[in-house]
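K.L.:
Oh and the sequence shown: position 150 is 291 in my numbering, straight run, nothing missing. Ideal placement from N, C-alpha and C gives every residue a C-beta, glycine not left out. Everything numeric in this text was worked out from a predicted model, so none of it was measured. This is the structure I want to talk about, given as structure tokens.
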Amino acid sequence: MFDGQDVLKMDDDEVRGIRGNNIAMIFQDPMTSLNPVLTISRQISEALELHLKMDRSEARKRTIELLELVGIPSAKKRVDDYPHQFSGGMRQRVMIAMALSCNPKLILADEPTTALDVTIQAQILELLKGLAKEFRTAFILITHDLGVVAGMTQRIHVMYGGKIVEKADTGELFANPKMPYTWGLLRSIPRLDEHRKSKLLPIEGLPPDLIAPPPGCRFEPRCQYRRDICREQEPELKHVPNAKADHEARCWGTQEGGWLVATDWRREIGDTRVLEEIKQEVAQLPAEAVRAAEAETPPPPPTP
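Written out as structure tokens, the structure reads:
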């Protein structure tokens, strides 16, 4: 659903009308997302001419403004360059400029920093945060990185096997997770202050087959707390005890009357000093922080 409309029921013309205009996308790999045989000017101008009915000169002028906005140096000179003439970080900035070109209401950012080094990751994330505030655009950030989630989002939806298994405000989810899969994610955070021989605690097993998923909870085959009902019947996503009103989880064990309601998640995760640091970051987030959907930047490596 978008703006009260079911996008899946729209015809091609209706979808074309909102794609790029009201909903835009920032893809994971800008090198394969940008057309290698078209200049940056042509690729950004196309959306401006189609959706905003600008003529070519107006679109070019706006393209230069967008490139300057996202931090492309010498934008007037570089506007006619091709994608291969930009670095990875600069290509991602071009993708952000393209997504912002029609001032959409919603931008989907799919792992926007995965292929970038840590320094460039931080720059791109700060850019996204600032642009979200300036343009009053909502972001759905799709990522596996818990650091990005802690620093960028107001609300988290944790997904497993194609299903949302937990959702809550960012601070609430880090402080009070209610799904064993979320516990596993938090427990797997690498620690810089641990002994070098300490082992990471993985989630045993393999993700489910989405073509033939298990009949019950999709996490059941890998869950150390599973019971028969988990295998037989899929739980609903609903509010769980001892949590805020808008905190929901898809778990028989943590729902009302479940066997995990009183479980101390801190004991399940182990030493939580790193999580406390993340929670402190979350507490300092501005009110305008962008929204998200699953997990950000790992801490920089220790100085030798």
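Cβ atoms of ILE181 and VAL235: under 8 Å apart, would you say?
P.N.:
yes
K.L.:
For ASP196, does the count of other Cβ atoms within 10 angstroms reach 16, so buried, or fall short, so exposed?
P.N.:
exposed
K.L.:
Could you check what DSSP says for LYS246 in three-state terms: helix, strand or coil?
P.N.:
coil
K.L.:
Counting pairs of Cβ atoms below 8 Å between the segment 279-287 and the segment 185-192, do you hit three or more?
P.N.:
no
K.L.:
Taking the C-alpha atoms as reference points, what is the distance between ASP147 and LEU207?
P.N.:
31 Å
K.L.:
On the DSSP letters alone, give me the boundaries of the beta strand (DSSP E) that ALA309 sits inside.
P.N.:
304-310
K.L.:
In whole angstroms, what separates the C-alpha of ILE330 from that of MET166?
P.N.:
29 Å
K.L.:
Sort TYR301, ASP153, LEU347, LYS274 by Cα distance to THR294 and report the nearest one.
P.N.:
LYS274
K.L.:
Would you report the Cα separation of LEU210 and SER186, rounded to the nearest angstrom?
P.N.:
15 Å
K.L.:
Which residue's Cα is closest to the Cα of PRO171: PRO224, ARG157, HIS388, GLY161?
P.N.:
Of all alpha-carbon atoms in PRO224, ARG157, HIS388, GLY161, the one lying nearest the alpha-carbon of PRO171 is that of PRO224.
K.L.:
Per DSSP, which residues does GLN146 bridge with? Please list them.
P.N.:
Partner(s): PHE143.
K.L.:
Does DSSP classify HIS298 as helix, strand or coil?
P.N.:
strand
K.L.:
For MET239, does the count of other Cβ atoms within 10 angstroms reach 16, so buried, or fall short, so exposed?
P.N.:
Taking all protein chains in view, the Cβ of MET239 is crowded by 16 or more other Cβ atoms within 10 Å, so the residue is classified as buried.
K.L.:
Report the rounded CA-to-CA distance for GLN262 versus LYS308, giving the unit in angstroms.
P.N.:
25 Å
K.L.:
Along the beta strand (DSSP E) that carries LEU282, what are the first and last residues, could you check?
P.N.:
279-283
K.L.:
Let me check understanding here. Comparing Cα to Cα, which of CYS392, VAL290, ASP286 lies closest to MET320?
P.N.:
CYS392
K.L.:
For the alpha helix (DSSP H) that contains MET403, what are its first and last residues?
P.N.:
The question names Met, but residue 403 in the sequence shown is Ala. Per DSSP, ALA403 belongs to no alpha helix (DSSP H) and is neither H nor E.
K.L.:
In this structure, does DSSP put LYS379 in helix, strand or coil?
P.N.:
Under the three-state reduction of DSSP, LYS379 is assigned to strand.
K.L.:
When you compare the CB positions of PHE168 and ASP251, do they come within less than 8 Å of one another, or not?
P.N.:
yes
K.L.:
Considering only residues of the same chain and omitting the five flanking positions on each side of VAL220, which have a CB-CB separation below 8 Å?
P.N.:
THR180, ILE181, SER182, ARG201, THR204, ILE205, LEU208
K.L.:
With DSSP as the reference, please indicate the residues paired to ILE265 in a beta bridge.
P.N.:
ILE265 pairs with nothing; no bridge assigned.
K.L.:
Alpha carbon to alpha carbon, how far is ALA291 from VAL259?
P.N.:
So the alpha carbons of these two residues sit roughly 16 Å apart.
K.L.:
Return the Cβ separation of GLU389 and VAL402 in integer angstroms, given the expectation that the two are a contact with Cβ distance under 8 Å.
P.N.:
Wrong, their Cβ atoms sit about 15 Å apart, outside the cutoff.
K.L.:
How many Å lie between LEU342 and ARG328 at the Cα?
P.N.:
7 Å
K.L.:
Going by the CB atoms, is the gap between ALA256 and GLY229 shorter than 8 Å?
P.N.:
yes
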